Amino acid sequence: MTRPPTRLARYGFADDGARATDLLGPGGLRLWDIEAQAPADEHAAGLLDALSKAADPNLALRQLHRIAESAGRGDESRAAEMLAALGADHGLRRRFLAVLGASSALGDHLVANPEDWRALATGRTGLPPEADGGLADFDQLTVPALRKAYRISLLRIAAADLTAGRGLEPTMAALSRLADETLAAAYTIAVAGLPETTPEPRLAVVAMGKCGGNELNYVSDVDVIFVAAGDEDLSAGTIVAARLMEICGMVAWPVDAALRPEGSRGPLVRTLASHQAYYRRWARTWEFQALLKARPAAGDLPLAQEWIADLAPLVWHAAERPEAVADVRDMRRRIIDNIPKKEQDREIKRGSGGLRDIEFAVQLLQLVHGRIDETLRDGGTIPALRALVAGGYVGRQDGETLVRGYRFLRGVEHRLQLQRLSRTHTVPDDPDALRWLAAALGYTALPGRDAVEAFRSDWVGHAASVRRLHVKLFYQPLLEAVARVPAEQLRMVPESARRRLEILGFADAAGALRHLEALTGGVTRTAAIQRTLLPMLLQDFADAPEPDRGLLNYRVVSDKLGSTPWYLRLLRDGGPVARRLARVLSLSRYATDLLTRDPEALRLLAEDAELQPRPRATLLDGFAAAGDRHSDPVKAIAAVRALRRRELFRLASADILSQGGDLAPERPLGVDSIGVALSDVTDATLNAALRIARRAKPGPDGLRFAVIGMGRLGGYEMSYPSDADVLFVYEKPEGCPDADASAAAHAIAEEIRRLLNAPAPDPALGVDADLRPEGRQGPLVRSLPAYRQYYERWSKVWEAQALLRARFVCGDVELGRRFESLADGVRYPDGGLTREQVIEIRRIKARVETERLPRGADPNTHTKLGRGGLADVEWAVQLTQLRNAYARPELRMTRTLEALTAAAGAGLISEPDAAELAAGWTLAAQVRNALTLVRGRPTDQLPRHGAELAGAVLLLDGGDPGEFVDRYLRLTRRSRAAMERVLES
């Protein structure tokens, strides 16, 4: 028969309080009046209230009943005394019942030792019992006495943890102290058991792992290493060590000595000298990582300290091993791989987003940066993390997020282990177990969300944050770069810094040292981060032909951005940003000038996606919108030019980094991609400038206006210094006088040129209309009929050649397409070229070579007009188009290499010649861009020696400069020969 519900259900007891009625009623603890359905008295009410607040009221009640039964066997007064004390001592009641509701294992201990409840009683001073980890009432050197003392101390620590609200760190410290005192007592017992004729050995017990870091949990192996002073101590020391491990296993937890040299295969005890020899010769990276947490625990403490000091120099140079950083990362991956699949999502220690993620990230940072910063040499995870934040190695917000995540995860681990005093790190999937865990952690039901949901939400949030920051800190390329710099060079003291600057090749070591002192001087967080970055960056500066310039540029950028909160944080945490910046600043004046005018563009170096050209449509819309936001033409064009500056830096940086090895973006940009991207940026700039000009110079209604791209712009082959070669075309509205329409169109064209050539803190875009009919002597703007009339009556063959690259850029689309159609009749003449026209093109080509090549220029290494350079290839391809495109539509394209490929496919140029021409054109274009990036201003002449040649070669392939020049001459000589064969065919 089912019992009716009782009011005990209000206290959180299961089964509507039916089972609780039996345990609390007259036949049990006599705390509940069944008839009145109320507590038996005031003390009973207090006990019931405390039971209701336990993590598991049912468990707490069952355990209380069992303890009372155990205490009352043989003498019922003892049970009554305990219940009376619980009623009278509010602190005892809270501590005692909290333990019973959270730990069935400690409840079992109290059942077996019912008098131990007194260990939780409030003292005469009104204070709770000490819970700092000291062994309680241990005055007999016996194993049973030690076990009892350990359990009482553990009971007090658990009670304080559950009720005192003192936080994670005091609990970990108390558990670690308890381990130390237990080890020391076991050591004393073991030594006392030696034969009388055996002298006490000099033996040190060194704590490792969590115990060494003063962050022990409730149930864990205690990791140790045993150290003997000399060979004479080995025999007795081994006996003592083995006995200590046996005692601790009976009393508290297993002692694990597997972290010793050679692990379980090696001797249990080694001498100081033997340890030194092993770690110097054989130790692997993970063994030095483990030594981060080593500290004296028991036995001969001075000997332990001597051992730690003896090995410290090895620990703090371990990160300089070539494989060190990779070793630590591989170890972390192996740990994750060894987690059973069914537990991966519930593992709070080894799983992704768990405790190991935090610990490994912190320890790797310690190994790398602790070589010169002794404040980082702390065995505890939280103190070390605090030191990393204080030193600027980890951002404040990131550090606090990790500390909160660590506290949360360790708190979950403590509650899980405390329940049965078993070693576990897996969150249960059973609903009842989850409800208990949430309650044990202090979660309560909220409106619309129960306690388990609240716990899960926090757990998922902390795990995601830990996982994200682990990847950010653990895999940052900066770590590997800093680790490669020897510790002596990381110390930026003036004497060693100056010597290193001279060795690295700085021409003005004194000046460079002044820059370093300005950047790293003082005790600010900014200076601390710079002291971390600069030793590594100096090596990157030194790899460039002019290290001094790289450092100077870095100081200029740092002076401009040093006070912004994100700059140094980005360099420290932003993956490859710091080293990418060093390469950009040390190799390219062009990109440096852009960056100093727009320092925030530095953010583009953080993500590979930001080092890709933006889509043409995005550029057109973005530039137009920037100009449209301002009614003032000056402000409007300033906004457009600022966007262009940002895009030029994006492309220049991608170009500079494309041959940068591990610094290169995921998709490096070739010279073809750069040419198309620069042309798209120019198109967007011209389009926005035209919109601004038309607002400033509106002209008559219905006036159509279009900009036609010519030259490199038309061929999508823009280089960094290229002007925009254009033609302007208009169409007058019906009824408008020709003179008025022409004047309005001329005003628009002039406004475009004025806006884009006006002085500003960014590169001007030259707008060159010299390819128009009659050149500079002809009108700047013509109507479409005027162009048609000119081309039909007076155009020359070179103008047809120039039109091969003509394409619509911006303005009126329909007008632009009609101009392209008009150009097709001129550039693809029916029947191709006459013999006289071919001879004329050859004559013009010869005259260009002799008249337009700058005085003093070397024709062998001039990238544009030199032998086998850009012009040679382009003339060969354009002559082929003029001859054949009327009958070969596949040749009708404006890009040189595309047209060359089509000509080879059609059999008009032989495959070998096409390959030679493509190789010559590509190399000349690459060199031209590289020289502009290095010099910061345009040039077409490849130098035969010097810093500019070395810089250009570094941007392109990093080989020997002399060999590069030889290769250039070889490829362009072949290209020249191929061009001559095409022109003469």
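According to numbering that gives the first Met the number 0, the residues represented by the sequence shown are 0 to 984, in order.
We put the beta carbon where it would ideally sit given N, CA and C, even for glycine.
All of these numbers come straight from a predicted model, not from anything done at the bench.
Extent of the continuous beta strand (DSSP E) to which residue i belongs
i: proline 295; result: 294-298
i: glutamate 716; result: Segment: none, glutamate 716 is in no beta strand (DSSP E) and carries neither H nor E.
i: alanine 203; result: 202-206
i: aspartate 222; result: 221-227
i: tyrosine 789; result: Where tyrosine 789 is concerned, there is no enclosing beta strand (DSSP E), although the alpha helix (DSSP H) it sits in stretches over 783-792.
i: tyrosine 729; result: 723-730
i: isoleucine 985; result: Coverage of the chain is limited to positions 0 through 984, which leaves residue 985 absent and any answer about it impossible.
i: glycine 708; result: 703-708
i: threonine 270; result: 268-270
Selection from the options that minimises the alpha carbon distance to residue i
i: leucine 783; options: Arg846, Val728 and Ile655; result: Val728
i: arginine 1005; options: Pro911, Gly11 and Gly520; result: There is simply no residue 1005 to check, as the chain begins at 0 and stops at 984 in what is shown.
i: aspartate 107; options: Ala144, Pro546 and Leu63; result: Leu63
i: serine 175; options: Ala297, Ala272 and Gly906; result: Ala297
i: valine 872; options: Gln800, Arg370 and Met978; result: Met978
i: glycine 125; options: His89, Pro772, His42 and Ser103; result: His89
i: aspartate 230; options: Asn213, Arg146 and Thr270; result: Thr270
i: alanine 744; options: Gly390, Gly698 and Ala723; result: Gly698
i: leucine 668; options: Thr525, Leu907 and Gln925; result: Gln925
i: arginine 980; options: Glu68, Arg165 and Leu907; result: Leu907
i: leucine 604; options: Leu619, Asn928 and Leu662; result: Leu662
i: leucine 650; options: Leu167, Leu916, Gly674 and Pro632; result: Gly674
i: alanine 638; options: Asp956, Leu754 and Val555; result: Leu754
i: aspartate 620; options: Leu570, Val633, Leu685 and Val670; result: Leu685
i: glutamine 836; options: Ser794, Ala822, Val847 and Leu536; result: Ser794
i: threonine 525; options: Arg781, Ala389 and Leu472; result: Ala389
i: serine 672; options: Ile636, Leu610 and Ala641; result: Leu610
i: proline 260; options: Val268, Val254 and Pro253; result: Val268
i: aspartate 14; options: Asn57, Met709, Ala905 and Gly378; result: Asn57
i: arginine 280; options: Ala317, Glu245, Ile307 and Val964; result: Ala317
Counted within 10 angstroms of its Cβ, other Cβ atoms place residue i as buried (16 or more) or exposed
i: arginine 94; result: buried
i: glutamine 776; result: exposed
i: asparagine 756; result: exposed
i: asparagine 337; result: exposed
i: glycine 573; result: buried
i: threonine 971; result: buried
i: threonine 196; result: exposed
i: isoleucine 156; result: buried
i: aspartate 326; result: buried
i: glycine 868; result: buried
i: glutamine 139; result: exposed
i: lysine 292; result: buried
i: alanine 35; result: exposed
i: glycine 212; result: buried
i: arginine 842; result: exposed
Boundaries of the alpha helix (DSSP H) in which residue i is found, first to last residue
i: leucine 99; result: 89-101
i: tyrosine 186; result: 167-191
i: isoleucine 33; result: Where isoleucine 33 is concerned, there is no enclosing alpha helix (DSSP H), given that its DSSP letter is neither H nor E.
i: isoleucine 747; result: 737-756
i: aspartate 682; result: 670-695
Below 8 Å, can you find three or more Cβ-Cβ pairs linking the region 234-246 to the region 428-441? no
Could you name each continuous alpha helix (DSSP H) segment of 4 residues or more that falls completely within the region 420-479, going from the start of the chain to the end? 430-439 and 450-473
Count Cβ pairs between the region 887-894 and the region 843-861 that sit closer than 8 Å; are there 3 or more? no
Mind the definition here: the region 879-886 touches the region 824-837 only if three or more C-beta pairs lie below 8 Å; say whether that holds. yes
Ordered list of alpha helix (DSSP H) runs contained in the region 570-617, each at least 4 residues: 576-586 and 588-596
Given 8 Å, three or more beta-carbon pairs between the region 578-585 and the region 646-659: yes
What beta strand (DSSP E) runs, 3 residues minimum, are completely inside the region 288-367? 294-298
Go through the region 794-850 residue by residue and report every complete run of the alpha helix (DSSP H) that reaches 4 residues or more, in order. 796-802, 812-826 and 834-850
Three Cβ pairs or more, each shorter than 8 Å: is that satisfied between the region 396-409 and the region 16-31? no
Are there three or more Cβ pairs, one per stretch, closer than 8 Å when the region 710-728 is compared with the region 758-774? yes
Under 8 Å: do the region 589-601 and the region 926-939 share three or more Cβ pairs, one atom per stretch? yes
Within the chosen definition, does the region 696-713 reach the region 730-741 through at least 3 CB pairs nearer than 8 Å? yes
Does the contact criterion of 3 or more C-beta pairs under 8 Å hold for the region 406-419 versus the region 205-222? yes
Please give the ranges of any alpha helix (DSSP H) in the region 495-577, keeping only runs that are unbroken, at least 4 residues long and fully inside the region. 508-519, 524-541, 546-560 and 566-572
Would you call the region 156-174 and the region 117-137 touching, i.e. three or more CB-CB distances under 8 Å? yes
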